[in-house]
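Here the working numbering is used: the first residue of the sequence shown is 10, the next is one more, and so on. Contents: one structure, followed by commentary.
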Amino acid sequence: MRRPLEVLAVVGTRPEAVKAAPVVWRLRRDPGFRVRLLSTGQHREILVGALAAFGLRPDRDLRVMRPRQPLNALLTAVIAGVDADLALRAPDLLLVQGDTTSALGAALAAFHRGIPVAHLEAGLRSGNLRSPEPEEMNRIVVDRLSCVFLAPTPLARRRLLSEGIAPSAIYVTGNTVVDALQTVLAQPAGSAPRALAGLPAGRPLAVVPLHRRESHGKVLRGLISALRRASARRPEVLWVLPAHPNPAARAPLSGLPRGRFVVTPPLPYPDFLRLLARCAFTATDSGGIQEEAPSLGVPFLVLRNVTERPEALGRWGRLAGVEPRAVEEALVRLAARPPRPRGPNPFGDGRAAARAVAALKHWAGRGPRPRAFRG
């Protein structure tokens, strides 16, 4: 009888935790695997809460984050922390998700020790190294360090093939965020957090999460200015802005007019999903919300110049850019007549985690190749 395959899954931020959780949950219930979950602590508080929604907790927390920590210092701390863990107990495979500094640092540490890397959400590309920054560079490097590519869509597979990745190493799974969303929304809803308890039942809502690093400063101030003007032209809409833990993303939200805007503290993932599901539309610079919104039938605007997730553009969403006047007009048009798109979700069907686990078995020579998600 073969021993279980040892897997170390590394996460550091809430999006990583949300998307890795369905895979870790399945791995822990499969006798063919023994999995440990390592948190770098990049976004420790909101990460732990996100994992708890899936009944998971880290086996170890590196606690690498420090106040006002530069990216290079964070990357160095992640590499050193993960490397020390690998020195104590080397797995057969290291699993990382997405494009964060935690994913990059963990993949580098494993690569330097000759440990194979599996990349969940491989193949996303915006085509611009500075947008999103540093995520575009991170995911390119993580893909170069990996040997198992869990691509979320057929488009992501084509991008990997264009970069010379062997077809046999790529598995199209769908995006595990759809699995996560379905799992969370199937759970009984708790009482609404205080920040959301007073939201009116009959008024159109628009949630506007803004946090991208490249949006900080002048760009973010311009987006907030566009929101102010759009809210004056569409006063029937209540605009809900969840604050991000990063002070640079939170500061420009102060002083927004009450009655048209609600600024909330960072929301637990289940509460955010239920808020998003109530919305007439959303506008965001986030990557993950471009996947979550179609899963909930919510139209969206991308407040960026480029996106690595174009699969939903056209039917579900639109790229609005960051020029304030253009953003204002796009917001007003969407608020006046939000569409209700229909059709299959281009990002997943809720079975991505099962395909990912089957892909790892196939890579290890312990099972057949899973059928690809076709979008």
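Every residue, glycine too, gets a C-beta built ideally from N, C-alpha and C.
Closer than 7 Å: residue i CB and nearest the ligand FAD heavy atom
i      : result
Arg148 : Annotation note on the ligand FAD: not contained in the displayed structure, which lists no ligands.
Proximity to residue i [Cα-Cα], best of the options
i      : options                        : result
Ala289 : Ser295, Val246, Asp280         : Val246
Val331 : Asn314, Asp358, Arg168, Leu285 : Asn314
Leu117 : Arg98, Val150, Val181          : Val150
Leu177 : Val186, Trp248, Arg287, Arg167 : Note on identity: in this sequence residue 177 is Ser, with Leu being the wrong assignment. Out of Val186, Trp248, Arg287, Arg167, Arg167 has the C-alpha closest to the C-alpha of Ser177.
Arg375 : Thr49, Gly352, Gly41           : Gly41
Glu144 : Ser295, Val336, Pro379         : Ser295
Pro303 : Thr316, Ala61, Leu322          : Leu322
Trp372 : Phe158, Thr316, His220         : Phe158
Gly384 : Glu15, Asn184, Leu133          : Asn184
Glu172 : Pro161, Pro163, Arg153         : Arg153
Arg134 : Thr316, Glu338, Pro355         : Thr316
Arg221 : Gly297, Val341, Ile88, Ala115  : Gly297
Gly268 : Ala241, Pro275, Arg35          : Ala241
Asn311 : Leu305, Arg318, Leu328         : This sequence places Val at residue 311; Asn is not what is there. The candidate whose alpha carbon is nearest that of Val311 is Leu328.
Pro244 : Arg212, Pro218, Leu232, Ser263 : Arg212
Residue i - partner residues in DSSP beta bridges
i      : result
Arg318 : Note: Arg318 sits in no beta bridge, so no partner.
Phe158 : His128, Ile179
Ala292 : Leu310
Arg69  : Leu47
First through last residue of the beta strand (DSSP E) which encompasses residue i
i      : result
Glu300 : Where Glu300 is concerned, there is no enclosing beta strand (DSSP E), although the alpha helix (DSSP H) it sits in stretches over 298 to 304.
Val272 : 270 to 273
Val44  : 42 to 48
Val249 : 247 to 251
Val16  : 14 to 20
Residue i, enclosing alpha helix (DSSP H) - first and last residue
i      : result
Leu282 : 278 to 287
Arg167 : 163 to 171
Val73  : Val73 -> no alpha helix (DSSP H), and no H or E assigned at all.
Ser234 : 227 to 242
Leu56  : 53 to 61
Ala30  : 23 to 37
Contact under 8 Å by Cβ, residue i with residue j
i      : j      : result
Arg324 : Pro350 : yes
Val366 : Asp39  : yes
Glu300 : Val186 : yes
Val307 : Leu343 : no
Val228 : Leu250 : no
Ala93  : Val73  : no
Thr291 : Phe270 : no
Lys28  : Leu129 : yes
Ala198 : Arg287 : no
**Study point:** Continuous beta strand (DSSP E) assignments of at least 3 residues falling wholly in the segment 77 to 148
**Key:** Fully enclosed beta strand (DSSP E) runs of 3 or longer: 102 to 106, 126 to 129.
**Study point:** Completely contained beta strand (DSSP E) runs for the segment 318 to 377, where each covers 3 or more residues
**Key:** Within the segment 318 to 377, the complete beta strand (DSSP E) runs of at least 3 residues are 326 to 328.
Practice item. Write down every uninterrupted run of the beta strand (DSSP E) in the segment 186 to 223 whose length is 3 residues or greater and which is fully enclosed by it, in chain order. Key: Counting whole runs of 3 or more residues, the segment 186 to 223 contains the beta strand (DSSP E) stretches 214 to 216.
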